[in-house]
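Participant:
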Amino acid sequence: DFDTLQQWLLQLAIILFALFFLSLIFTLKVFVVQRNALWKNSTSFFFIGEYGLRNKREVWRVKFTLAKIRKAARELLTLDEKDSRRLFEGNALLRRLVRIGVLDEGKMKLDYILGLKVEDFLERRLQTQVFKLGLAKSIHHARVLIRQRHIRGPPTCNALR
1 DFDTLQQWLL QLAIILFALF FLSLIFTLKV FVVQRNALWK NSTSFFFIGE YGLRNKREVW
61 RVKFTLAKIR KAARELLTLD EKDSRRLFEG NALLRRLVRI GVLDEGKMKL DYILGLKVED
121 FLERRLQTQV FKLGLAKSIH HARVLIRQRH IRGPPTCNAL R
């Protein structure tokens with residue numbers, strides 16, 4: 001009787017831990033809603049039209065990513081140049097940005113990260129690259145080709161969105 005109660009409590013603890021872990025996964029921030037919508041509209045609409053985005057949420061997602069990267073760079077720039085954390089995390093951040101094509105290899109300094117713009121990230125999207133290479137007639141046609149899986153990028157965890 002005591003063993004069954006102990007097993008039941010163990011199973012309950014495992015279930016609660018799994019629910020807690022799932023809640024952490026599904027509550028990660030991806031974007032921040034722009035509260036001052038009237039002031040932000042002009043640039044958001046420009047990005048939506050120029051890069052063929054579906055809605056403002058896609059613009060907000062890129063802005064949020066850029067804000068996190070710039071915040072990390074600002075934090076690392078406050079540290080001493082010989083600090084091990086600045087050297088290790090700074091090089092990792094720079095390599096990641098060079099790998100995704102946002103930053104040039106000649107500009108591998110933390111100062112250049114602060115000069116990044118939203119356009120730098122939007123230029124690296126598969127949709128924009130397909131249009132720039134001339135594989136699609138328009139930026140919207142590029143989105144359709146990608147959505148219908150005529151053109152595929154490297155597999156990612158959110159490829160089915």
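Under the UniProt record's numbering, the first residue of the sequence shown is numbered 1, with each subsequent residue one higher.
Built from N, CA and C at the ideal position, the CB exists for glycine as well.
What does the Cβ neighbour count give for GLU128, buried or exposed, with the cut at 16 atoms within 10 Å?
Facilitator: Within the sequence shown, the letter at position 128 stands for residue 128. Residue identity differs from the one stated: residue 128 is Thr in this sequence, not Glu. Answer is buried; the Cβ neighbour count reaches 16.
Participant: For the alpha helix (DSSP H) holding SER84, just list the boundary residues, first then last.
Facilitator: Numbered from its first residue, the sequence shown carries residue 84 at position 84. Its alpha helix (DSSP H) spans residues 84-99.
Participant: Alpha helix (DSSP H) containing ALA73: first to last residue?
Facilitator: By 1-based counting over the sequence shown, the position of residue 73 is 73. Here the alpha helix (DSSP H) through ALA73 covers 56-78.
Participant: I'd like to know if the stretch 131-150 and the stretch 62-73 are in contact, where contact means that at least 3 CB-CB pairs between them fall below 8 Å.
Facilitator: Result no; under three Cβ-Cβ pairs closer than 8 Å.
Participant: Let's test the definition: count the other Cβ atoms within 10 Å of the Cβ of ILE14 and tell me whether it reaches 16, buried, or not, exposed.
Facilitator: On the sequence shown, position 14 is the one that residue 14 refers to. By the neighbour-count rule (16 or more Cβ atoms within 10 Å), ILE14 is not buried but exposed.
Participant: Quick check: the Cα distance between VAL33 and GLU58, rounded to an integer number of angstroms?
Facilitator: As a first step, residue 33 is located in the sequence shown; it is residue number 33 there, counting from the start. As a first step, residue 58 is located in the sequence shown; it is residue number 58 there, counting from the start. Taking the straight line from one Cα to the other gives about 11 Å.
Participant: If we count Cβ pairs, one from each stretch, closer than 8 Å, do we get three or more for the stretch 124-142 versus the stretch 47-58?
Facilitator: The stretch 124-142 is in contact with the stretch 47-58.
Participant: How should GLY101 be labelled, buried or exposed, when 16 other C-beta atoms within 10 angstroms of its C-beta is the threshold for buried?
Facilitator: Counted from its first residue, the sequence shown places residue 101 at position 101. GLY101 comes out exposed.
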